[in-house]
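A.B. asks:
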Amino acid sequence: MSTTDAERQLRSLVEGLRAGTMDRRRFLHGVAGVTASLAAASAVTACGGGGGESAGGAKEGTITFYFGASPEEARTRKKVIAAFQKKFPKIEVKTQIAGTDPLQQLLTSCAGGKCPDVMMAWELLYPGLAKRGVYADLNEFLDKDKAYTSKLKGDSSDLLLKTFRYQGKQVALPEQFAGVFLYYNKKLFEQAGLEPPPAKWTDSSWTFDSFLAAAQKLTKKGANGRTRQYGFVDAWDPNLSTAVFGMNNGVEWFQPPIKPTRTNSDDPNFVQGMQFYADLFAKHAVAPNPALKTNSTTSLDLFTSGRAGMVLTGHWMYSTFAAKKGLDFDVCVLPVGPNGGTPKSDIGTTGLAVAAGSKNRDAAWEFVKFSCGPEGQKVIADSGLFIPVLKSLANSGEFKKAHPNIQNFDVFLGGLDNAHWLPISAAWGKIQPLWNRDLNQVLQGKQTAARFAATVTPQIQQFLRTDG
Amino acid sequence: MDAPSNVGRLRHVLGSYVFIAPNLVAVGVFLVFPLLFSLYMSFHKWDLFSPPQFVGFDNYVRLVTKDPLFWTAFLNTVLFTVLTIVPGLVISLLAAAALNQKLKGVGVFRAILFLPIVASMVTMSVIWRWLFDTDNGLINWVLSSIGLGSIGWLTDPHWALTTVALTSIWKSVPFSTIILLAAMQGVPHNLYEQALIDGAGAVRRFVSVTIPLIRPAISFVLVISMIQSFQVFDQVYVMIADNGAGGPGTSTYVFGIMLFQNAFRFYQMGYASALAWIIFAVLFVLTLLNLRMQRRATAEVYNDAG
């Protein structure tokens with residue numbers, strides 16, 4: 000029986016009630032029928048995760064795959080899944096798309112013993128689950144699969160592999176790199192008489208000062224005194240952007256980045272970088288204030304409609320910008336502070352992990368291996384939707400061909416080798432709300448970054464001790 | 000007493016229990032058990048994955064004495080409750096009075112007024128979120144087209160809680176109105192006639208006849224709205240859309256959000272359970288106070304009348 004059976008029975012039950020043709024006995028009988036159908040349907044679903052392996056070792060069974068994606072990204076993922084199923088026709092992949100709060104979704108389903116077999120792992124979120132033993136150690140599979148492993152290690156960024164190594168376990172294999180980049184509107188730059196910003200990660204000439212000067216030139220007020228064109232908008236997470244600006248002034252946010260034991264958020268240089276970022280809104284008014292008004296959707300609208308000169312966001316927005324007619328844009332590096340070295344992006348990445356409790360670990364591993372290996376990454380490279388994690392594919396002509404609208408394509412590729420880590424800590428779940436909550440006052444211009452840092456730093460240290 | 004009749008009574012009693020068993024089991028499994036389990040958990044430290052650890056009253060003590068956010072949440076919740084209850088009651092009273100008139104088509108108005116109550120709060124919160132969107136929302140569009148400029152309804156920390164309260168009022172008015180309307184219809188008509196003969200105007204009749212006689216209904220509405228406001232969660236979670244962090248800043252950090260955050264984002268089930276029982280205790284005391292006040296007030300009305 001299936002859910003449809005239950006629906007049908009429920010409908011006839013309701014109709015019977017409405018028509019008044021139902022006595023009590025028939026009603027009770029009907030209710031029992033619906034309940035039984037529902038129970039049967041859920042039993043089928045529950046068994047679906049099972050399956051198993053035939054004696055010959057040929058992989059078969061059903062695996063569930065949990066991932067977060069926009070509709071467009073979901074289409075690319077479906078392509079990867081289709082390619083996988085062509086190779087492994089006996090493994091069925093059921094997809095579960097993440098809601099807005101994947102951490103909470105995974106926590107509750109895994110605590111309830113219904114962990115998806117394959118899970119997307121977000122760099123900031125996975126440690127909280129890893130600490131609780133949700134993930135299998137992929138080394139177990141990698142050790143057995145020597146040929147694949149050596150090929151993977153030779154072709155991968157070590158930074159990304161390391162990002163998903165936690166407490167001696169390889170929790171996930173990296174699957175995509177997103178990073179964060181500054182896109183700029185070429186036409187608006189020309190109109191303001193500005194030179195195109197630097198497009199090399201080794202170039203430190205794009206300083207905070209020159210960035211601010213450009214943003215000021217790009218900001219235009221209308222006759223009514225309201226801003227009709229902004230120099231800059233943030234379509235990423237302003238709470239994280241603040242930290243990236245701090246880091247681009249020469250200080251890492253957390254130390255060490257993986258399983259950190261301390262934060263440098265009160266380092267004067269870090270504070271200076273944060274203050275510079277906050278001043279863009281409250282003091283210089285070259286950008287709409289994310290603490291008062293805009294959200295990321297409206298920031299994107301401002302850029303795509305040519306009402307903002309620069310936007311900070313990840314690689315994932317490239318295809319949206321490219322699809323917008325009349326938007327002549329390119330990508331450049333992030334500005335660097337007076338105490339920073341060379342500019343850097345962030346290691347924004349997701350990987351794929353296998354549930355420790357999966358009943359179909361081998362099939363799940365095959366899927367992870369395929370998606371993060373050359374075959375799956377090829378589909379991703381061709382789509383141009385994510386930056387592939389394998390160097391051979393990222394540097395392939397196909398991936399570049401998927402970015403016809405820009406000249407500074409190398410900024411995307413170089414981002415990975417020039418990036419700061421965001422904290423890889425099980426305490427992040429607690430640090431994030433604290434950080435966002437108190438930072439709001441700084442972005443509003445009601446508190447200085449120094450005061451903010453002095454208040455939150457000891458609390459973050461405490462969280463690193465108790466929850467890290 | 001003879002044995003057969005005793006057996007008969009026992010059989011009778013057992014028979015009744017058999018009949019109420021389905022309900023009893025449902026209440027036991029889905030109501031009593033979770034309640035007792037959360038009470039039990041409130042004395043433990045539990046992250047859902049590892050075995051619970053007994054910590055005595057530690058969760059309660061930490062909440063009240065060491066967690067500054069507890070008091071933030073307390074103040075926000077009280078503020079939210081006041082912002083919701085007071086206008087909600089006034090609007091409901093006026094709406095009930097209007098619907099109590101013998102007008103043509105009053106049934107249609109009653110039906111329209113009742114609509115918000117049948118809509119799912121989550122769905123309606125999503126719609127309200129669109130309406131209140133800072134840059135693309137209908138409300139700001141109207142405001143700026145009449146030259147008033149736009150407000151960061153849900154993104155500005157000064158407005159966020161008020162905005163959520165507005166939607167909660169919208170949601171709670173129908174229920175309160177129906178209760179108050181029913182009570183108003185029970186007011187004996189001759190009292191109004193007497194008041195009319197004494198020369199009382201419409202406002203005077205409403206204040207001096209209607210209000211005192213529907214006081215029990217008002218009190219009931221107050222208690223119910225207070226409980227609902229105190230437990231507010233879904234509107235804030237959906238409308239603010241920051242994964243239950245109660246932002247921007249701490250502006251919408253109410254008890255419901257704090258409870259959710261501790262349970263499902265910080266994996267602190269025990270701590271969250273303790274908070275749930277503190278909320279229960281506060282509500283219990285407030286409800287008792289309310290009932291006592293109502294009893295006294297009702298007694299006064301009847302004494303005056305007598």
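Sequences listed follow chains F and X, in order.
Taking numbering that gives the first Met the number 0 as reference, the numbering of the first sequence is continuous, increasing by one, and the terminal residue is 467.
Taking numbering that gives the first Met the number 0 as reference, the numbering of the second sequence is continuous, increasing by one, and the terminal residue is 305.
Yeah, the Cβ is synthetic: ideal placement off N, Cα and C, and Gly gets one too.
These figures come from a predicted structure and were not determined experimentally.
Considering only the alpha carbon of each residue, which of D266(F), C114(F) and L102(F) lies closest to E122(F)?
C.D. replies: Translated into the one-based positions of the first sequence, residue 122(F) becomes position 123. Cα-wise, what sits closest to E122(F) is L102(F).
A.B. asks: Name, going along the chain, the residues of the region 235–247 of chain X whose beta-carbon falls closer than 9 Å to a beta-carbon of chain F.
C.D. replies: If the cut-off is 9 Å between Cβ atoms, the region 235–247 of chain X has A240, D241, N242, G243, A244, G245, G246 and P247 near chain F.
A.B. asks: Rounded to a whole number of angstroms, what is the C-alpha to C-alpha distance between R227(F) and S304(F)?
C.D. replies: Stepping through the first sequence from its first residue, residue 227(F) is reached at position 228. Stepping through the first sequence from its first residue, residue 304(F) is reached at position 305. Their Cα atoms are separated by approximately 11 Å.
A.B. asks: Near L181(F), which residues of its chain fall below 8 Å by C-beta distance, leaving aside the five closest residues on each side in sequence?
C.D. replies: For the purposes of this step, residue 181(F) is taken as the residue at position 182 of the first sequence. P196, M309, V310, L311, V330, C331, V332, L333 and P334, listed in sequence order.
A.B. asks: Can you find a CB in chain X that lies within less than 9 Å of the CB of D468(F)?
C.D. replies: Residue 468(F) is absent from the structure shown; chain F starts at 0 and stops at 467.
A.B. asks: How would you call Q406(F), buried or exposed, if buried means at least 16 neighbouring beta carbons within 10 angstroms?
C.D. replies: Counting from one through the first sequence, the residue named residue 406(F) turns up at place 407. Label assigned to Q406(F): exposed.
A.B. asks: With a CB to CB cut of under 8 Å and the five nearest residues on each side skipped, what residues in its chain are close to I84(X)?
C.D. replies: Start at 1 with the first residue of the second sequence, and residue 84(X) comes out as number 85. Cβ neighbours of I84(X) beyond the five flanking positions: L221, S224, M225 and S228.
A.B. asks: Closer than 9 Å, CB to CB, is L279(F) near chain X or not?
C.D. replies: On the first sequence, residue 279(F) is found 280 positions in, with the first residue counted as 1. With 9 Å as the cut-off, L279(F) does not count as an interface residue toward chain X.
A.B. asks: In terms of residues, what are the limits of the alpha helix (DSSP H) holding Q230(X)?
C.D. replies: Within the second sequence, residue 230(X) is the residue found at index 231, counting from 1. No alpha helix (DSSP H) holds Q230(X); DSSP gives it neither H nor E.
A.B. asks: Measuring CA to CA, which of E59(F), C109(F) and Y317(F) is closest to L384(F)?
C.D. replies: Within the first sequence, the letter at position 385 stands for residue 384(F). Looking at the Cα atoms, Y317(F) is the closest of the given residues.
A.B. asks: Run down chain X in chain order and give the residues with a C-beta less than 8 Å from the C-beta of T312(F).
C.D. replies: For the purposes of this step, residue 312(F) is identified with residue 313 of the first sequence, where counting begins at 1. Ordered by position in chain X, no residue passes the 8 Å Cβ test against T312(F), which lies about 17 Å from the chain.
A.B. asks: Using beta carbons (cut-off 9 Å, strictly below), is G255(X) in contact with chain F?
C.D. replies: The residue labelled residue 255(X) in the question sits at position 256 within the second sequence. Cβ-Cβ to chain F under 9 Å: no for G255(X).
A.B. asks: Along chain X, in chain order, which residues have C-beta atoms closer than 9 Å to that of R131(F)?
C.D. replies: In the first sequence, residue 131(F) corresponds to position 132, counting from 1. By Cβ distance, chain X contributes D46, L47, F48, S49 and Y266.
A.B. asks: Roughly how far, in whole angstroms, is the beta-carbon of A354(F) from the beta-carbon of D116(F), given that I think they are within contact range, below 8 Å?
C.D. replies: Sequence index remark: in the first sequence, residue 354(F) carries index 355 (1-based). Sequence index remark: in the first sequence, residue 116(F) carries index 117 (1-based). Confirmed, Cβ separation roughly 6 Å.
A.B. asks: Under 8 Å by Cβ, that's how I've got R204(X) and A194(X) pegged, so tell me the actual separation to the nearest angstrom.
C.D. replies: As a working mapping, residue 204(X) is identified with position 205 in the second sequence. As a working mapping, residue 194(X) is identified with position 195 in the second sequence. Right, the Cβ-Cβ distance comes to about 5 Å (below 8 Å), so this counts as a contact.
A.B. asks: Alpha carbon to alpha carbon, how far is A97(X) from N289(X)? Give it in angstroms, no decimals.
C.D. replies: Locating residue 289(X) in the second sequence gives position 290, counting from the first residue. Locating residue 97(X) in the second sequence gives position 98, counting from the first residue. Cα-Cα distance, rounded: 27 Å.
A.B. asks: Find the residues of chain F that neighbour F32(X), judging by a C-beta separation of less than 7 Å, and give them in chain order.
C.D. replies: Start at 1 with the first residue of the second sequence, and residue 32(X) comes out as number 33. Here the premise fails: no neighbours, minimum Cβ distance about 16 Å.
A.B. asks: Do you know whose CA, among W169(X), T251(X), K170(X) and T133(X), lies nearest W152(X)'s CA?
C.D. replies: The residue you call residue 152(X) lines up with position 153 of the second sequence. With distances taken between Cα atoms, W152(X) lies closest to T133(X).
A.B. asks: Check whether the region 145–158 of chain F touches the region 117–136 of chain F, taking contact to mean three or more Cβ pairs, one atom from each stretch, closer than 8 Å.
C.D. replies: Segments in contact, no.
A.B. asks: Applying a beta-carbon distance threshold of less than 9 Å, which residues of chain F neighbour P156(X)?
C.D. replies: For the purposes of this step, residue 156(X) is identified with residue 157 of the second sequence, where counting begins at 1. The contacting residues are A290, L291, N439, Q440 and Q443.
A.B. asks: When Cβ atoms are compared, which residues of the region 214–240 of chain F fall closer than 8 Å to chain X?
C.D. replies: The residues in question: there are none.
A.B. asks: Got a sec: is the Cβ-Cβ distance from F69(X) to anything in chain F below 9 Å?
C.D. replies: Here residue 69(X) refers to the residue found at position 70 when the second sequence is read from its first residue. F69(X) does not count as touching chain F.
A.B. asks: Secondary structure at A352(F), three-state DSSP: helix, strand or coil?
C.D. replies: The residue you call residue 352(F) lines up with position 353 of the first sequence. DSSP places A352(F) in strand when its eight states are reduced to three.
A.B. asks: Select from R225(F), T201(F), E194(F) and K220(F) the residue whose C-alpha is nearest the C-alpha of A212(F).
C.D. replies: As a first step, residue 212(F) must be located in the first sequence, where it is residue number 213. The option with the nearest alpha carbon to A212(F) is E194(F).
A.B. asks: So that I know if they touch, is there some Cβ in chain F lying closer than 9 Å to that of G151(X)?
C.D. replies: Here residue 151(X) refers to the residue found at position 152 when the second sequence is read from its first residue. Output row for G151(X): interface = yes.
A.B. asks: To which residues of the same chain is V455(F) closer than 7 Å at the C-beta, ignoring the five residues directly before and after it?
C.D. replies: The count along the first sequence starts at 1 and reaches residue 455(F) at position 456. Taken in chain order, the residues that qualify are S264, L433, W434 and D437.
A.B. asks: Using a Cβ cut-off of 8 Å, which residues of the region 267–289 of chain X contact any Cβ in chain F, in chain order?
C.D. replies: Of all residues in the region 267–289 of chain X, none has a Cβ within less than 8 Å of some Cβ in chain F.
A.B. asks: Helix or strand or just coil, what does DSSP make of P173(F)?
C.D. replies: By one-based count along the first sequence, residue 173(F) stands at place 174. Correct three-state label for P173(F): strand.
A.B. asks: Please return the same chain residues whose Cβ sits closer than 7 Å to the Cβ of L389(F), not counting the five positions on each side in sequence.
C.D. replies: To locate residue 389(F), count along the first sequence from 1; it is residue 390. For L389(F), where only same-chain residues beyond five positions count, the Cβ hits under 7 Å are D154, S155, P373 and Q376.
A.B. asks: To the nearest angstrom, report how far apart Q271(F) and G245(F) are at their CA atoms.
C.D. replies: As a first step, residue 271(F) must be located in the first sequence, where it is residue number 272. As a first step, residue 245(F) must be located in the first sequence, where it is residue number 246. Approximately 7 Å, taken between the alpha carbons.
A.B. asks: Give me the Cβ distance between G249(F) and G340(F), rounded to the nearest whole Å; I'm assuming they're in contact under 8 Å.
C.D. replies: One-based indexing of the first sequence puts residue 249(F) at position 250. One-based indexing of the first sequence puts residue 340(F) at position 341. Their Cβ separation, rounded to whole angstroms, is 6 Å, which keeps G249(F) and G340(F) in contact under 8 Å.
A.B. asks: Under 9 Å between C-beta atoms, does G14(X) make it to chain F?
C.D. replies: Working through the second sequence from its first residue, we reach residue 14(X) at position 15. No, G14(X) does not count as interfacial toward chain F.
A.B. asks: For Q95(F), collect the residues of the same chain with a Cβ closer than 8 Å to its Cβ; drop the 5 residues on either side in sequence, then sort them by chain order.
C.D. replies: Taking the first residue of the first sequence as position 1, residue 95(F) is located at position 96. Here the set comprises T63, F64, Y65, F66 and P115.
A.B. asks: Just to confirm, are F232(X) and V253(X) a CB contact at a threshold of 9 Å?
C.D. replies: As a first step, residue 232(X) is located in the second sequence; it is residue number 233 there, counting from the start. As a first step, residue 253(X) is located in the second sequence; it is residue number 254 there, counting from the start. In contact: F232(X) and V253(X) (Cβ atoms closer than 9 Å).
A.B. asks: Going by the CB atoms, is the gap between G60(F) and N359(F) shorter than 9 Å?
C.D. replies: In the first sequence, counting from the first residue as 1, residue 359(F) sits at position 360. In the first sequence, counting from the first residue as 1, residue 60(F) sits at position 61. Taking 9 Å as the Cβ cut-off, N359(F) and G60(F) qualify as a contacting pair.
A.B. asks: So V179(F) and G347(F) are supposed to be a Cβ contact under 8 Å. How far apart are they, rounded?
C.D. replies: For the purposes of this step, residue 179(F) is taken as the residue at position 180 of the first sequence. For the purposes of this step, residue 347(F) is taken as the residue at position 348 of the first sequence. Indeed, because the Cβ distance is near 6 Å, the residues count as touching under 8 Å.
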